[in-house]
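Participant: Have a look at the structure that comes next, please.
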Amino acid sequence: MLQQNPQYNNGLKEWNSEDKSPCKWPGISCNTIANHVTAIDLSNKNIMGNLFHNFSGLPNLKYLNLSNNIMTGEFNFTKINTLEILDLSRNRFQGNLRSVFPCGNLMVLKLSSNNLSGSIDDASFDSCRNLRVLDLEENGFSGNLSFRFDRLLELSVSVNSLTGAIPSLVFVESCSLRSLDLSENLFVGQFPNEISNCKDLVMLNLSGNKFSGKIPAEIGSLLSLQSLLLSDNSFSREIPVSLMEMTNLSLLDLSKNGFGGEVQEIFGRLHRVKYLFLSGNSYTGGLISSGIHNLQNVYELDLSDNNFSGPLPLQISEMSNLKMLVLAKNQFTGNIPHEYGNLSGLQALDLSFNKLSGSIPPSFGKLRSILWLMLANNSLTGEIRVELGNCSSLLWLNLANNQISGAIPSEIFKIGSNAMAELALLNRTDQTTYTFGQCAILERWIPSPDAPLGSISFYALRRCRIKRRNLLLERYPLFSASKSMFGYIQLRGNKLSGELKISMSQNLGMLLYLDDNDLYGEVPPEIGLLPLLALNVSKNAFSGEIPKEIGMLGRLRSLDLSCNNFSGEFPRSMSNLTELTWFNISYNPYISGRVPSTGQLATFSQSSFLGNPLLELPSWMEDENRISPSMPRKDEGKEEGILERFLFAFVVSYPVFFVLSFLACLFLGNEKISALKSKKKLRRRRM
Numbered sequence: 001m002l003q004q005n006p007q008y009n010n011g012l013k014e015w016n017s018e019d020k021s022p023c024k025w026p027g028i029s030c031n032t033i034a035n036h037v038t039a040i041d042l043s044n045k046n047i048m049g050n051l052f053h054n055f056s057g058l059p060n061l062k063y064l065n066l067s068n069n070i071m072t073g074e075f076n077f078t079k080i081n082t083l084e085i086l087d088l089s090r091n092r093f094q095g096n097l098r099s100v101f102p103c104g105n106l107m108v109l110k111l112s113s114n115n116l117s118g119s120i121d122d123a124s125f126d127s128c129r130n131l132r133v134l135d136l137e138e139n140g141f142s143g144n145l146s147f148r149f150d151r152l153l154e155l156s157v158s159v160n161s162l163t164g165a166i167p168s169l170v171f172v173e174s175c176s177l178r179s180l181d182l183s184e185n186l187f188v189g190q191f192p193n194e195i196s197n198c199k200d201l202v203m204l205n206l207s208g209n210k211f212s213g214k215i216p217a218e219i220g221s222l223l224s225l226q227s228l229l230l231s232d233n234s235f236s237r238e239i240p241v242s243l244m245e246m247t248n249l250s251l252l253d254l255s256k257n258g259f260g261g262e263v264q265e266i267f268g269r270l271h272r273v274k275y276l277f278l279s280g281n282s283y284t285g286g287l288i289s290s291g292i293h294n295l296q297n298v299y300e301l302d303l304s305d306n307n308f309s310g311p312l313p314l315q316i317s318e319m320s321n322l323k324m325l326v327l328a329k330n331q332f333t334g335n336i337p338h339e340y341g342n343l344s345g346l347q348a349l350d351l352s353f354n355k356l357s358g359s360i361p362p363s364f365g366k367l368r369s370i371l372w373l374m375l376a377n378n379s380l381t382g383e384i385r386v387e388l389g390n391c392s393s394l395l396w397l398n399l400a401n402n403q404i405s406g407a408i409p410s411e412i413f414k415i416g417s418n419a420m421a422e423l424a425l426l427n428r429t430d431q432t433t434y435t436f437g438q439c440a441i442l443e444r445w446i447p448s449p450d451a452p453l454g455s456i457s458f459y460a461l462r463r464c465r466i467k468r469r470n471l472l473l474e475r476y477p478l479f480s481a482s483k484s485m486f487g488y489i490q491l492r493g494n495k496l497s498g499e500l501k502i503s504m505s506q507n508l509g510m511l512l513y514l515d516d517n518d519l520y521g522e523v524p525p526e527i528g529l530l531p532l533l534a535l536n537v538s539k540n541a542f543s544g545e546i547p548k549e550i551g552m553l554g555r556l557r558s559l560d561l562s563c564n565n566f567s568g569e570f571p572r573s574m575s576n577l578t579e580l581t582w583f584n585i586s587y588n589p590y591i592s593g594r595v596p597s598t599g600q601l602a603t604f605s606q607s608s609f610l611g612n613p614l615l616e617l618p619s620w621m622e623d624e625n626r627i628s629p630s631m632p633r634k635d636e637g638k639e640e641g642i643l644e645r646f647l648f649a650f651v652v653s654y655p656v657f658f659v660l661s662f663l664a665c666l667f668l669g670n671e672k673i674s675a676l677k678s679k680k681k682l683r684r685r686r687m
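Just so we're aligned, residue 1 is where the sequence shown starts under UniProt numbering, counting upward by one.
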C-alpha cells in the first residue's frame with residue numbers, strides 16, 4: 001500500500017477506509033454516473049515506500065499523477081488499458097521500460113527524475129499511436145535515439161546516457177514536434193539538416209553533448225522556434241545567416257563551444273533576440289564591432305568566462321532594456337563606467353573575477369531595480385558607497401576579495417527592503433526555457449561552501465533545470481527546507497576598518513560575511529535585530545564581550561567568531577541557538593566561562609573551540625586534542641577550585657595560547673591578526 005512520510009502532513013490522512021466510496025477523498029475523481037474512479041492525483045504528498053500495484057481494480061482510470069513523492073521499486077501498469085495520462089516523475093522508481101506501461105490510449109507519459117535504466121530502444125514507442133508527450137528526463141537510460149517523430153509533440157530525454165549520432169530518419173516529413181530536449185547526453189556527430197521538417201518546433205535544446213560540425217542552416221527555416229540552446233558542444237564558429245530569418249527567436253545560447261577570436265558579426269543583427277548567452281568561449285574582442293550593443297530588445301546578456309580585455313565597453317550602457325548583464329571571468333581592466341548606473345531596469349549585474357580598479361561608481365545608487373550586484377574578485381578600492389543603501393531591491397551584494405577600505409555604511413544593512421516588486425516581475429518573465437549557462441551563473445553567485453550553509457532566491461533557483469537544481473539543493477540543504485527570500489552581504493577579504501554600526505533590516509533571512517578585514521571594536525548589540533541565517537566576522541580585531549543578543553538569533557545556522565580578540569564570559573544565551581549547523585569560536589584567548597554540556601553547542605567538536613585557554617569545555621571532550629601542550633590534562637577523579645584553574649591557566653598557559661592563537665590564525669590565512677596590538681594603540685589614539 002501507499003505509505004506516508006511521517007515527517008509531513010499530507011492529504012492521505014483524510015482518506016477514510018470505512019467510506020463506501022472513495023469519490024470524496026482528496027485527490028480522487030469519479031464519473032457522475034457510476035461513481036467509478038477516473039482520476040487519481042496524489043502529487044506532492046510526500047508518499048514513501050513501494051508502489052501499490054493493484055490498479056487493475058480501477059478499470060475506468062484515465063489519469064494517474066503520483067509525481068513529487070518518495071516512491072520506490074519497479075512499476076508495471078500494463079493492465080490499465082484506459083490510462084491516458086501517467087505522471088510518475090520525481091520519485092525513486094527503478095527498472096526499465098520494456099512492457100511496463102499501457103500504450104493503447106496513453107497520450108502523456110512523464111517518468112523524469114527517477115532511477116530508471118536500460119535502453120530506450122527496448123520500448124516500442126512507435127506502437128504508441130496516441131502518445132503525444134514523452135518525458136524521460138534525468139534517469140539512467142542508454143542506447144540510441146531511433147523512433148520517429150511523426151506523432152509526438154514533446155520529447156525530453158535530457159540528463160541520460162544516450163549515445164551515437166542522431167539519424168536523419170527520425171525527422172520524418174510529417175514531424176509533429178513542438179519541443180525537443182536532447183541535452184546532457186553523449187550524442188555525437190553533425191546534427192541532421194532534416195530538423196527543418198519540424199515546422200512547428202518552438203524549443204530545441206541540444207546542450208551538453210558532443211555535437212560537432214556546422215550548425216544546420218536549415219534551422220533558420222523553423223519560423224516558430226523561440227528557444228535555441230546549443231551550448232557545451234563543439235559546433236564550428238560559422239553561425240548560419242539564416243538565423244536572421246527567425247522572427248520568433250527569443251533565446252539563443254551558444255555558450256561553451258570553443259569559439260575564439262572576434263565575436264561573430266551575425267549576433268549584432270539578431271534584433272529580435274531577448275536572451276543571448278555566449279559565455280565559456282574564448283572570445284578576445286569584437287564586443288563593439290559585432291554590434292551586440294545595438295540589440296535594444298535584449299533582456300539578458302551573458303559574455304562571461306571569455307578572454308575579453310581592456311576597459312569595460314561603455315556602449316553597453318545604451319542597452320536600455322537590459323535586465324541581466326554578466327561580464328564576469330574575463331580580463332577587463334580600468335574603472336567601472338559610471339554610465340552603467342543609468343541601466344535603470346537592471347536586475348542583475350555581475351562584473352566579478354576581472355581586473356577592475358577604482359571605486360564603485362556612486363551612480364550605482366540609481367539602480368533601483370537591482371537584485372544581484374556582484375563585483376567580487378577585482379582590485380576595487382575606495383569605500384563602500386553610501387548610495388548603495390538607495391538600492392531598495394538589492395538582495396545580494398558581493399564585494400569580496402577587493403581592496404575596499406573604510407567603514408561599513410550602516411545603510412547597507414537595509415538592502416532588500418523593497419524587493420518583492422522586482423521579484424514578482426522576474427517571476428513573470430516570458431522565458432520558459434533556462435540554460436546551462438544561467439545555472440552556472442547561479443552556482444557562482446551562491447555563498448562560499450566553506451561552511452555547510454548556502455542559499456539562493458527561490459525565484460532565481462527555479463530557472464535551473466531539474467538535475468542542476470537538485471545538485472544545488474543537496475549542496476545547500478538550508479534552501480531545501482524553505483523558499484523564503486534571502487539577503488546576502490559578502491564583504492570578506494577587503495581592508496574594511498572601523499567599528500561596526502548596524503541599522504534595522506528588513507524581515508528576511510540574511511547571510512552576512514565580514515571576515516578577513518580590519519574591523520575592530522565591539523560587535524554592537526543591534527546584531528540581534530538582524531534576521532540572520534549566517535554570520536561570519538572571523539579574522540578581524542573585534543574585542544569586548546560577545547553580545548548576548550546573538551542568542552536571540554533563533555534562525556541562525558552558521559556562526560563564526562574565530563580569530564578575534566573577544567573577552568569576557570561565554571554568553572549563556574548562545575544555548576538558544578538550536579538551529580546551528582556550523583560554529584567556530586576558536587582563537588579568542590580572552591574568552592572564559594563554560595561551554596554548555598547539553599544542547600546544540602555540545603554537538604560541535606573541539607575544533608570549534610581551539611585556542612581558548614580560559615574556556616572550559618564539556619567533560620566528554622578529550623583534553624589531549626586541545627591546542628596547547630602546556631594545558632594540564634583534567635583528572636576526572638580530582639576536583640580543583642575554579643579560582644585555582646583560572647590562575648593556573650592564566651599565569652602558566654596564557655602566553656603559550658596567545659602566541660599559538662596568532663600563529664594558528666596566520667596559518668588559516670589571516671595576515672592581519674599579528675597586528676592586533678598596533679590596532680589597539682590606533683583605537684586609543686582615535687578615542
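Cβ coordinates follow ideal geometry from the N, Cα and C atoms, glycine included.
1. Bridge partners of Tyr299, per DSSP?
2. Starting from the Cα of Asn248, find the closest Cα among Gly498, Leu228, Gly213 and give me that residue.
3. Which of the three DSSP states is assigned to Lys20 in this structure?
4. Taking the Cβ atom as the reference point for each residue, do Thr381 and Leu356 lie within a distance shorter than 8 Å?
5. Is it right to say Pro577 is buried, meaning 16 or more other beta carbons lie within 10 angstroms of its own, or is it exposed?
6. Please report how far the alpha carbon of Ile527 lies from the alpha carbon of Leu514, in whole angstroms.
7. Of all the options Ala602, Leu610, Leu601, which has the alpha carbon lying nearest to the alpha carbon of Asn588?
8. Near Leu270, which residues of its chain fall below 8 Å by C-beta distance, leaving aside the five closest residues on each side in sequence?
9. According to DSSP, is Lys13 helix, strand or coil?
10. Does DSSP classify Phe171 as helix, strand or coil?
11. From Ile370 to Thr72, what distance separates their C-alpha atoms?
12. Quick one: give me the first and last residue of the beta strand (DSSP E) that Cys391 is part of.
13. In whole angstroms, give me the CA-to-CA distance for Lys638 and Ile591.
14. Are Asn114 and Arg92 touching if we call contact CB-CB under 8 Å?
15. Alpha carbon to alpha carbon, how far is Ser176 from Cys198? Give it in angstroms, no decimals.
16. Which residues in the same chain as His36 place their Cβ atom closer than 7 Å to its Cβ, once the five residues preceding and following it in sequence are excluded?
17. What does DSSP give as the partner residues of Tyr340 in its beta bridges?
18. Three-state secondary structure (DSSP) at Leu228?
19. Which two residues bound the contiguous beta strand (DSSP E) that contains Ser309?
20. Note down the Cα distance separating Ser359 from Ser417, rounded to an integer number of angstroms.
21. Quick check on DSSP: helix, strand or coil for Ile370?
22. Excluding the 5 residues preceding and the 5 following Gly164 in the sequence, name in chain order all residues of the same chain whose CB lies nearer than 6 Å to its CB.
23. What are the complete beta strand (DSSP E) segments, minimum 3 residues, inside the segment 105-174?
24. Given that a residue counts as buried once 16 or more other Cβ atoms are within 10 Å of its Cβ, and exposed if not, what is Gly593?
25. In the DSSP assignment, the beta strand (DSSP E) including Tyr590 goes from what residue to what residue?
26. I need the straight-line Cα distance from Thr284 to Met48, nearest angstrom please.
27. For Asn68, report the span of its beta strand (DSSP E) as first-last.
28. According to DSSP, is residue 737 helix, strand or coil?
29. Going by other Cβ atoms of all chains shown within 10 Å of its Cβ, with 16 needed for buried, is Glu173 buried or exposed?
30. Opposite Asp518 in the DSSP bridges: which residues?
31. Just to confirm, is the Cβ distance from Leu186 to Leu201 under 8 Å?
32. Identify, in the order they occur along the chain, each residue of the same chain with its Cβ nearer than 8 Å to the Cβ of Gly213, setting aside the five sequence neighbours on each side.
33. Kindly list the residues whose CB is nearer than 8 Å to the CB of Arg272, restricted to its own chain and excluding five residues on each side of it in sequence; keep chain order.
34. With Tyr488 and Leu511 assumed to form a contact (beta carbons below 8 Å), what rounded beta-carbon distance in angstroms separates them?
35. Nearest CA to the CA of Ser309: which residue from Asp302, Gly118, Ser282, Lys13?
36. Which residues mark the beginning and the end of the beta strand (DSSP E) in which Lys210 is found?
Facilitator: Taking the coordinates as given:
1. Position 299 of the sequence shown holds residue 299. Paired residues: none, contrary to the question.
2. Taking the first residue of the sequence shown as 1, we reach residue 248 at position 248. Looking at the Cα atoms, Leu228 is the closest of the given residues.
3. As a working note, residue 20 is residue 20 in the sequence shown. If DSSP states are grouped into helix, strand and coil, Lys20 belongs with coil.
4. As a working mapping, residue 381 is identified with position 381 in the sequence shown. As a working mapping, residue 356 is identified with position 356 in the sequence shown. Result no, Cβ atoms of Thr381 and Leu356 do not sit closer than 8 Å.
5. Residue 577 sits at position 577 when you count from the first residue of the sequence shown. Looking at the sequence provided, one finds Leu at residue 577 rather than Pro. Result: buried.
6. Taking the sequence shown and counting its residues from 1, one reaches residue 527 at position 527. Taking the sequence shown and counting its residues from 1, one reaches residue 514 at position 514. Taking the straight line joining both Cα atoms gives about 13 Å.
7. Looking up residue 588 in the sequence shown gives position 588. Ranking the options by Cα distance to Asn588, first place goes to Leu610.
8. Taking the sequence shown and counting its residues from 1, one reaches residue 270 at position 270. Contacts found: Leu243, Met244, Leu249, Leu252, Leu276, Leu295.
9. Position 13 of the sequence shown, counting from 1, holds the residue named residue 13. If DSSP states are grouped into helix, strand and coil, Lys13 belongs with the helices.
10. In the sequence shown, counting from the first residue as 1, residue 171 sits at position 171. Phe171 falls in the coil class under three-state DSSP.
11. For this step, residue 370 is matched to residue 370 along the sequence shown. For this step, residue 72 is matched to residue 72 along the sequence shown. Looking at the two C-alpha atoms, the distance is approximately 44 Å.
12. Sequence index remark: in the sequence shown, residue 391 carries index 391 (1-based). Per DSSP, Cys391 belongs to no beta strand (DSSP E) and is neither H nor E.
13. Looking up residue 638 in the sequence shown gives position 638. Looking up residue 591 in the sequence shown gives position 591. The predicted position of Lys638 is uncertain, since its pLDDT is 35 and thus under 50; no value can be drawn from it.
14. For the purposes of this step, residue 114 is identified with residue 114 of the sequence shown, where counting begins at 1. For the purposes of this step, residue 92 is identified with residue 92 of the sequence shown, where counting begins at 1. Yes, these two residues count as a Cβ contact at 8 Å.
15. As a first step, residue 198 is located in the sequence shown; it is residue number 198 there, counting from the start. As a first step, residue 176 is located in the sequence shown; it is residue number 176 there, counting from the start. Cα to Cα, the separation comes out at about 6 Å.
16. As a first step, residue 36 is located in the sequence shown; it is residue number 36 there, counting from the start. Taken in chain order, the residues that qualify are Cys30, Asn60.
17. Taking the sequence shown and counting its residues from 1, one reaches residue 340 at position 340. None, per the DSSP bridge assignment.
18. Numbered from 1 along the sequence shown, position 228 holds the residue referred to as residue 228. Residue state, collapsed to three classes: strand.
19. Reading the sequence shown from its first residue, position 309 is the one you call residue 309. Looking at the DSSP string, the run of the beta strand (DSSP E) that includes Ser309 is 309-311.
20. For the purposes of this step, residue 359 is taken as residue 359 along the sequence shown, with counting starting at 1. For the purposes of this step, residue 417 is taken as residue 417 along the sequence shown, with counting starting at 1. Spanning the two alpha carbons is a distance of roughly 25 Å.
21. Within the sequence shown, residue 370 is the residue found at index 370, counting from 1. Residue state, collapsed to three classes: coil.
22. Translated into positions along the sequence shown, residue 164 becomes position 164. Asn144.
23. 108-110, 115-119, 133-135, 140-142, 154-156, 163-165
24. Along the sequence shown, one-based indexing puts residue 593 at 593. It counts as exposed.
25. To locate residue 590, count along the sequence shown from 1; it is residue 590. Unbroken beta strand (DSSP E) run through Tyr590: 590-594.
26. Here residue 284 is taken as the residue at index 284 of the sequence shown, counted from 1. Here residue 48 is taken as the residue at index 48 of the sequence shown, counted from 1. Each residue's Cα considered, the two are about 53 Å apart.
27. The count along the sequence shown starts at 1 and reaches residue 68 at position 68. Note, Asn68: premise wrong, no beta strand (DSSP E); not H, not E.
28. Residue coverage of the chain in this structure runs from 1 to 687, which leaves residue 737 outside it and unanswerable.
29. For this step, residue 173 is matched to residue 173 along the sequence shown. Classification for Glu173: exposed.
30. Numbered from 1 along the sequence shown, position 518 holds the residue referred to as residue 518. Answer is Ser497.
31. Position 186 of the sequence shown, counted from the first residue, corresponds to residue 186. Position 201 of the sequence shown, counted from the first residue, corresponds to residue 201. Against a cut-off of 8 Å, the Cβ pair of Leu201 and Leu186 comes out as no contact.
32. As a position in the sequence shown, residue 213 is number 213, starting the count at 1. Only Gly189, Gln190, Phe191, Phe235, Ser236 meet the Cβ criterion.
33. Stepping through the sequence shown from its first residue, residue 272 is reached at position 272. Only Met246, Thr247, Asn248, Leu249, Ser250, Asn297 meet the Cβ criterion.
34. Position 488 of the sequence shown, counted from the first residue, corresponds to residue 488. Position 511 of the sequence shown, counted from the first residue, corresponds to residue 511. So it is a contact: roughly 5 Å between Cβ atoms.
35. To locate residue 309, count along the sequence shown from 1; it is residue 309. Looking at the Cα atoms, Ser282 is the closest of the given residues.
36. Working through the sequence shown from its first residue, we reach residue 210 at position 210. Where Lys210 is concerned, the enclosing beta strand (DSSP E) stretches over 210-213.
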